[in-house]
Amino acid sequence: MGRLAYRVRQFAGSLRGGLDDSQRAEIERLLTAEQKLLFAGMAPAYQRHSFVVYRKLLADGCDDLVVLQAGLLHDVGKGNVALPYRVAVVLLGGWWPHLLEILSAESVPGSWRHPFFVAARHAELGAVKLSEAGCGGRLVEIVRAHHGPVSVDHWCRRLQEIDAES
Ligand SMILES: [Fe+2]
Ligand SMILES: [Fe+2]
Numbered sequence: 257m258g259r260l261a262y263r264v265r266q267f268a269g270s271l272r273g274g275l276d277d278s279q280r281a282e283i284e285r286l287l288t289a290e291q292k293l294l295f296a297g298m299a300p301a302y303q304r305h306s307f308v309v310y311r312k313l314l315a316d317g318c319d320d321l322v323v324l325q326a327g328l329l330h331d332v333g334k335g336n337v338a339l340p341y342r343v344a345v346v347l348l349g350g351w352w353p354h355l356l357e358i359l360s361a362e363s364v365p366g367s368w369r370h371p372f373f374v375a376a377r378h379a380e381l382g383a384v385k386l387s388e389a390g391c392g393g394r395l396v397e398i399v400r401a402h403h404g405p406v407s408v409d410h411w412c413r414r415l416q417e418i419d420a421e422s
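Count along the sequence shown from 1, add 256, and you get the number used in our numbering.
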């Protein structure tokens, strides 16, 4: 039941818009110029989700700047996938994960299946994007690992937990 509630919340979140001016001003102070460009390239719904994750980390007392930046950028690999795909990924992930696995095996850009590939591999794709933009190694590794095994670092683990419930 908890998983279903999570999927419904995620689905509702995928329909919502981006950030307001004060929220944008807040993240401007945290991100480097390169990171801001990458954040701006994310779909508004992903920006909003990332802001929620970052704010929850902050509310928890996180004072690790790189983890806070990771909160804002952990899903940067998802890019700006069109809304119907975002909805399909959430619904299939909850109710038909095997079909999602089949659809996400395709990797040819331009193919109708490519957005599923991007969604499934977004942690690695995000790490590559950050690395290519010259972002630091620790941020790259946190983003790469955010859907991986539970982190031994306290704040990285909190990021994984907060992300999973947001
Ligand atoms: Fe993610
Ligand atoms: Fe996320």
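No residue lacks a Cβ here, since even glycine has one placed at the ideal position from N, Cα and C.
Small disclaimer: the values here were computed from a predicted structure and weren't measured.
Distance check between SER387 and each of TRP351, HIS354, TRP411 and HIS330 places HIS330 closest, using alpha-carbon atoms only. Around the beta carbon of GLY382, 16 or more other beta carbons lie within 10 angstroms, which makes this residue buried. If you check the CB distance, ARG342 and ALA296 do not come in under 9 Å. Taking one beta carbon from each stretch, the segment 321-336 and the segment 397-415 have 3 or more pairs nearer than 8 Å; the two touch. VAL309 has its CB nearer than 8 Å to a heavy atom of ligand 2. Around the beta carbon of ASP419, 16 or more other beta carbons sit within 10 angstroms, so the residue counts as buried. Around ligand 2, the residues selected by a Cβ distance under 5 Å to any of its heavy atoms are ASP331 and ASP419, following chain order.
Counting C-beta atoms within 10 angstroms of its own C-beta, PRO371 has 16 or more neighbours from the protein chains shown and is therefore classed as buried. Within 10 angstroms of the beta-carbon of HIS402 lie 16 or more other beta-carbons, which makes it buried.
Boundaries of the alpha helix (DSSP H) harbouring CYS412: 410-421, taken from the DSSP string.
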